[in-house]
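A quick write-up on the structure given underneath.
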Amino acid sequence: MAPCVVRAYQQSYRTKVFRRNYMCYSLVVTTEIAFQRRSITMPNVILTMKPANLVDKLMNDTQWDRLNAVADVDRDVIEDFHADGLDDRLAKADYIFSGWGPDARIDAETLAKMPNLKGIAAAAGNAWRLLTPEALEEVKKRGILMSNSGYVNGIPVAEYCMAMILMANKDFFRAERIYRERREYINREVEFPTAGNYLKTVGLVTASARIGRHLMTLLKSYRMRVLAESRSMDAEETASYGATKVDLETLFRESDVISVHTPSLPATKGMIGAKYFKMMKDGAWFINSARGAVVDADAMIAELKTGRINAILDVTDPDEPLSADSPLWDMPNVILTPHIAGSEGTELQGMGENVVNELTHMIKGEPLEFGE
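Count the sequence shown with the UniProt record's numbering and you get residues 1 to 372, in order.
Given below as structure tokens:
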């Protein structure tokens, strides 16, 4: 081989080796810088809920990947903020991812141990319930952000109510029962002369609640008349949902199906009593997926015993489980479910996704969708 060819080959080889070594060095340096940047700038998120394994139901792999991309997550779930050995972890906390049921709420003393806290995002109806009144006042003073998943948790409730409305109007529950009991041909024209959803009237009590608004949106797709009772929505806003604003008396008198969305407050305890149940049409349905305490249970049971009306109850008063000796168990015109209207199973991941979204907004300084 000619000397000039040998020199050219050697130069080419040295160039390739240099480039390869440079690329390896660059990769190591870039990785190290990225690691240092992450450890320095990534905010810290702590988790609190009980039971601790609830987080596994709230979060899937995709959601973990999204959260890990914007924060360092301490995945050792805190069930009790008063437990020993938490001070170092609390001192590092920039954000809290909360769920249901930690044993002890954050009090002012515990909050003082979190000087860097900037936000709380809850996979629950309210973030403020995580705090004592004194701590809540301090959170407001410090400008700590709060966000909840109440709207997201309300979506399955509205869907449950929508399903129950459709089946109630179709006389589904009685159809299933008598077919199973008789085990013979059922003359549908005789047994179900008024079954169907076309032109039926649905009434929503406290329609302005988050669930009520979502349910009105769902009802727009059906050929039904919708009546809405609400103190906070005017006629124009109600009409924007395809509904007509009415008082409670009109709603109970004219509805084929009534769905309750009233929160449990001292002012609403037992608000739906005998007066209203007696106004209901023969054969009408009463659905309660809100809170049992807003209903006068004795008055409801008395009217149900006549067989004149029907009920679908996902909640009762006292709270579930319903007492074993309640007459509701044995009434053929009553459908009972064990408080399943809210998020269950895969629906819990909807709340987890919402928390990831809201924490990301907080970290990036973006507006919250469901701030408190």
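No residue lacks a Cβ here, since even glycine has one placed at the ideal position from N, Cα and C.
* Asked: Is it buried or exposed for Pro-318, if we count other Cβ within 10 angstroms and need 16 for buried?
  -> Exposed, by the Cβ-count rule.
* So what does DSSP say about Thr-48, is it helix, strand or coil? -> Correct three-state label for Thr-48: strand.
* Specify, as a first and last residue, the run of the beta strand (DSSP E) that Ile-96 falls within. => Residue range 95-98 is occupied by the beta strand (DSSP E) that includes Ile-96.
* To do: List the endpoints of the continuous alpha helix (DSSP H) containing Ala-274.
  => Unbroken alpha helix (DSSP H) run through Ala-274: 274-279.
* **Euclidean distance between Cα positions of Ala-284 and Val-294** => Going from the Cα of Ala-284 to the Cα of Val-294 covers about 19 Å.
* What is the DSSP secondary structure of Ala-127, counted as helix, strand or coil? -> Looking at Ala-127 - three-state DSSP - the assignment turns out to be coil, as it is neither helix nor strand.
* Asked: Looking only at DSSP bridge pairs, what is Glu-229 linked to?
  -> In the DSSP output, where bridge partners are listed per residue, Glu-229 has Val-205.
* **The beta strand (DSSP E) enclosing Ala-121, as first and last residue numbers** => Ala-121 -> beta strand (DSSP E) spans 119-122.
* Can you check whether the CB of Leu-47 is closer than 8 Å to the CB of Arg-75? -> Taking 8 Å as the cut-off, the Cβ atoms of Arg-75 and Leu-47 count as close.
* Name the DSSP beta bridge partners of Trp-329, please? -> According to DSSP, Trp-329 bridges with nothing at all.
* Taking just the CA atoms, how far does Glu-159 sit from Ala-135? -> A direct Cα-to-Cα measurement between Ala-135 and Glu-159 gives close to 36 Å.
* Asked: What did DSSP end up calling Ile-340 once you bin it into helix, strand or coil?
  -> Looking at Ile-340 - three-state DSSP - the assignment turns out to be coil, as it is neither helix nor strand.
* Residue nearest to Tyr-222 in terms of C-alpha spacing, selected from Lys-200, Arg-213, Leu-204 -> Distances from the CA of Tyr-222 to each of Lys-200, Arg-213, Leu-204 were compared; the closest alpha carbon is that of Lys-200.
* Asked: In three-state DSSP terms, what is Ala-108?
  -> Ala-108 falls in the helix class under three-state DSSP.
* Pair within 8 Å by beta-carbon distance, Gly-242 and Val-226 -> Going by beta carbons, Gly-242 and Val-226 fall inside the 8 Å limit.
* To do: Check whether the Cβ atoms of Trp-100 and Leu-166 sit closer than 8 Å, and answer yes or no.
  => Not a contact, by the Cβ cut-off of 8 Å.
* Is Met-164 helix, strand or coil by DSSP? -> DSSP places Met-164 in helix when its eight states are reduced to three.
* Take every Cβ of the region 142-159, pair it with every Cβ of the region 206-223, and state whether three or more of those distances are shorter than 8 Å. => With a cut-off of 8 Å, the region 206-223 and the region 142-159 count as touching, because enough Cβ pairs lie within range.
* Identify, in the order they occur along the chain, each residue of the same chain with its Cβ nearer than 6 Å to the Cβ of Asp-94, setting aside the five sequence neighbours on each side. => Once the five neighbours on either side are set aside, the close Cβ partners of Asp-94 are Pro-43, Asn-44, Asn-116, Lys-118.
* **Same chain, Cβ closer than 6 Å to Asp-314, neighbours up to 5 away in sequence not counted** => The beta carbon of Asp-314 is closer than 6 Å to those of Ser-289, Thr-337, His-339, Ala-341 in its chain, skipping five residues each way along the sequence.
* Does DSSP classify Phe-286 as helix, strand or coil? -> If DSSP states are grouped into helix, strand and coil, Phe-286 belongs with the strands.
* Kindly list the residues whose CB is nearer than 6 Å to the CB of Asn-310, restricted to its own chain and excluding five residues on each side of it in sequence; keep chain order. => Closer than 6 Å at Cβ, skipping near neighbours: Trp-285, Asn-333.
* To do: For Gly-143, count neighbouring Cβ atoms within 10 angstroms of its own Cβ and tell me buried if that reaches 16, exposed if not.
  => Exposed: under 16 other Cβ atoms inside 10 Å.
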